[in-house]
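Everything on this sheet refers to the single structure shown next.
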Amino acid sequence: MKTITSLMNFLKKLASYFYPIKVHEIPSKRSGAIEVTLVNGKLVIDSENANYSYGSLQKILKKGLLLFDKNKLQQCKNILVLGVAGGSVIETLQDDFNLIDAKITGIEIDETVLNIAKKYFKIDKKPNVTLLIADAFHFIKTSNEIYDLIIIDIFNDQNMPKELFTDVFWNHIHRILSTNGLCLFNSIPTSFTTNTKNKVLAQFLKSLFRQVRRKQIEINELFVLEK
Ligand SMILES: C[S@@+](CC[C@H](N)C(=O)[O-])C[C@H]1O[C@@H](n2cnc3c(N)ncnc32)[C@H](O)[C@@H]1O
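When the letters of the sequence shown are read in order and numbered with numbering that gives the first Met the number 0, they come out as residues 0 to 226.
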């Protein structure tokens, strides 16, 4: 029986190099349907209209992290991830940047997504990772902990909440970031409006951070910030 299951899994993995294979689908109030799909032998999470975790998003965030000085990044001891989904950036931090001893706190608002992350990606079994079901915007207002690296990757399907573009939000991010701390903000300027919002935000961030870089990677625009 075990041999047949292993053989079936192997064949599915092989087939996923030719076409995506849906493994799980669950409705989510915030993100439409959440799907776990096998693509090129690896599981990814998609919301109704966007790649939510692993796959191309993981590659994009890794490219963003590579824009920081490697030594500075590897000195980060306390890391905050706002918007966890399946936790692909947590995997990247630990596996590709060797941040295995750093304390990582992940904040995710959608319990449905987090349950998928636990079931399919064993995100809760990773060392030094604490996952909280909470609203990131509330969390940062009330947090007094100081972080060396903050990754902001908050979407509801394709939409970025309006709070991401407020001074209040960024003042709090700045407050809980350590001296010389690093921050990566993932944005997707899908329309003229978000493009304009990003421009206005960049101006404001220049008044808060020592260094503000905007990098276009595929359709994403990453803000690479240093305090
Ligand atoms: C693109 S996914 C995050 C991907 C993740 N960073 C990774 O590396 O795999 C965006 C996530 O933001 C979450 N989200 C949306 N609004 C939120 C909020 N107010 N607080 C916390 N998480 C939120 C969504 O539920 C979704 O899981």
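For every residue, glycine included, the Cβ atom is placed at its ideal position computed from N, Cα and C. Note that the structure is a prediction, hence the values are computed from the model and not measured.
To the nearest angstrom, report how far apart residue i and residue j are at their CA atoms.
i    : j    : result
G31  : E47  : 5 Å
I132 : T2   : 38 Å
V211 : L200 : 11 Å
R209 : L224 : 8 Å
V43  : R213 : 26 Å
F203 : D166 : 8 Å
L72  : S177 : 13 Å
F17  : N39  : 8 Å
R29  : A14  : 31 Å
K124 : T195 : 40 Å
Excluding sequence positions up to five away, which residues of its chain have a Cβ less than 7 Å from the Cβ of residue i?
i    : result
F136 : E162 and F168
Here's a check: name, in chain order, each residue in its chain whose Cβ is nearer than 8 Å to the Cβ of residue i, leaving out the five neighbours to either side.
i   : result
K11 : I20 and L37
Helix, strand or coil, according to DSSP, for residue i in the structure here?
i    : result
S52  : strand
V22  : strand
A201 : helix
T129 : strand
D147 : strand
Q210 : strand
I3   : helix
Go through its chain and collect everything with a Cβ distance to residue i's Cβ below 6 Å, but skip five positions before and after it.
i    : result
G63  : L183 and L221
K102 : N77 and N127
Give the single residue among the options whose Cα lies nearest to the Cα of residue i.
i    : options             : result
R174 : K226, T195 and N194 : K226
L113 : N197, N194 and V35  : V35
N185 : G85, L60 and E90    : L60
L98  : L79, S142 and K41   : L79
I89  : S190, S206 and T129 : T129
Per DSSP, what are the beta-bridge partners of residue i in this structure?
i    : result
V35  : H23 and I44
Q74  : DSSP output for Q74 lists no bridge partner at all.
T105 : The amino acid occupying residue 105 in the given sequence is Gly; Thr does not appear at that position. Note: G105 sits in a beta bridge opposite V80 and L130.
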